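Following: one structure in structure tokens, then a few remarks.
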Amino acid sequence: MSEPPVWGRYSELRPAELAAIRKKTPVIYIPWGALEWHGPHLPLGIDGIVAEALANRAIRRTGGVLMPTAWWPTITLPHNDSFNSSGAILSTVMDNLLAQVAAAGWHVAVLPSGHYGHAHELTMIEAAERALARYGLLTLAVPPLAMVDDSMLDRAALWEASVALALRPDLVHLDSLGRDPLRPETSGVIGRDPRDTASASLGTSALNLAAERLAAAVNELCEMNNPAPLRALYTQRRARHQAFIDRFGSDPEGATRAWWEDLTQEKPAEG
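The sequence shown begins at 112 in the working numbering and counts up one residue at a time.
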């Protein structure tokens, strides 16, 4: 019977322990979340909660070291309770971080994102590609739920609410949405109405599938040491965002504002 993968939390390891794990499995996970308004029914940190949970599940299948969750995305929805940085700032932060990761001897960097904004994902992809080109660092930057089905990348809706119920039911209050038709600007819901549909069991299934896909991708990178799967993934992810860019433009902040204005003039969230 094979031994389980060895892993640890960076913040809790002593130097010798860190070195031993890095020598055996040079994989480092850096979950990426956000502090963003998700309506009255979900916590402001749900993106980071999900990203860390998925990293925690995947690393138990691959081994490696888990870094503390990063909470600074680029471009969130317009709201006083949301925090973000510009794309230029996030690019600089990620470039510096990945340079240090590579210099420390890690071979694979995994950046599971719980924040799904198009500008945020594209910024992460570009940083991952630069790290690969500059240092040969195999950097997987992706929302893990996208490795199952893009339809799971909703916002405060069926899937995100279900995942929240699976992870932290004490932080979810679907009844705060009331019973009137949902409007994105007051409910935060973009996607299927989570009332009477979201469930912890659905969320658990989504988390398990996403963690399995993420771990499989990481293990493939470790075994093959080949960037081809990353290049194919990033081509696919860019294609997903192209229609958005064609319609709203390539400027991240301007496109997000235009999209939000367009969305809030449309019909209520799906039933």
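Note that beta-carbon positions come from the ideal geometry of N, C-alpha and C, so glycine has one too. Bear in mind the structure is a predicted one, so any value in this text is a computation, not a measurement.
Coil, strand or helix - residue i by DSSP
i, result
"I141", "coil"
"V122", "A small fix is needed here, since residue 122 is Ser in this sequence, not Val. Looking at S122 - three-state DSSP - the assignment turns out to be helix."
"L278", "helix"
"A220", "strand"
"S287", "helix"
"R294", "coil"
"T203", "helix"
"R306", "coil"
"T185", "strand"
"L129", "helix"
"L341", "helix"
"V212", "helix"
"S196", "strand"
"L177", "strand"
"L153", "coil"
8 Å contact criterion, which residue i and residue j should meet: CB distance rounded
i, j, result
"G198", "T185", "5 Å"
"A321", "L256", "5 Å"
"A80", "P305", "The first residue shown for the chain is 112 and the last is 382, placing residue 80 beyond what the model contains."
"D158", "G225", "4 Å"
Residue i, enclosing beta strand (DSSP E) - first and last residue
i, result
"L251", "L249 to V253"
Cβ-Cβ distance between residue i and residue j below 8 Å
i, j, result
"T67", "S202", "The requested residue 67 does not occur in the structure, where the chain is confined to residues 112 to 382."
"W148", "G299", "yes"
"V253", "P292", "no"
"A317", "M263", "yes"
"A169", "V329", "yes"
"L313", "S287", "no"
"T173", "A326", "yes"
"I160", "R349", "no"
"R120", "L177", "yes"
"C333", "V138", "yes"
"R324", "V259", "yes"
"A238", "D206", "yes"
"F359", "A369", "yes"
"L374", "I301", "yes"
"L153", "V283", "yes"
"R125", "D261", "no"
"S122", "P179", "yes"
Limits of the unbroken alpha helix (DSSP H) element including residue i
i, result
"V161", "I157 to T173"
"A268", "Premise fails: A268 is in no alpha helix (DSSP H) and is neither H nor E."
"Q376", "First-last for Q376: undefined, no H or E at that position."
"I236", "H229 to Y246"
"N330", "A311 to M335"
Residue i versus the options, residue with shortest Cα-Cα distance
i, options, result
"A366", "P126, P189 and V138", "P189"
"H231", "S273, A181 and A327", "A181"
"W183", "L153, I141 and L332", "I141"
"R303", "E271, A311 and E296", "E271"
"R241", "L146, L332, L341 and M258", "L341"
"S310", "I356, A354 and L285", "L285"
"D265", "N337, A239 and G228", "G228"
"L243", "A339, L146, D373 and N319", "A339"
"A275", "V204, T315 and I301", "T315"
"W371", "W217, E296 and A162", "E296"
"E364", "P151, S196, A145 and L146", "S196"
"T187", "A162, P179 and L155", "L155"
"G247", "N337, T308, L208 and E163", "N337"
"W118", "Y345, A162 and N167", "N167"
"Q347", "S361, T308, I236 and N319", "I236"
"A390", "N319, P115 and D362", "The structure shown does not extend to residue 390, since the chain is modelled only from 112 to 382, so the question has no answer here."
Contact test: residue i Cβ vs the ligand NAD heavy atom, cutoff 7 Å
i, result
"S193", "Annotation note on the ligand NAD: not contained in the displayed structure, which lists no ligands."
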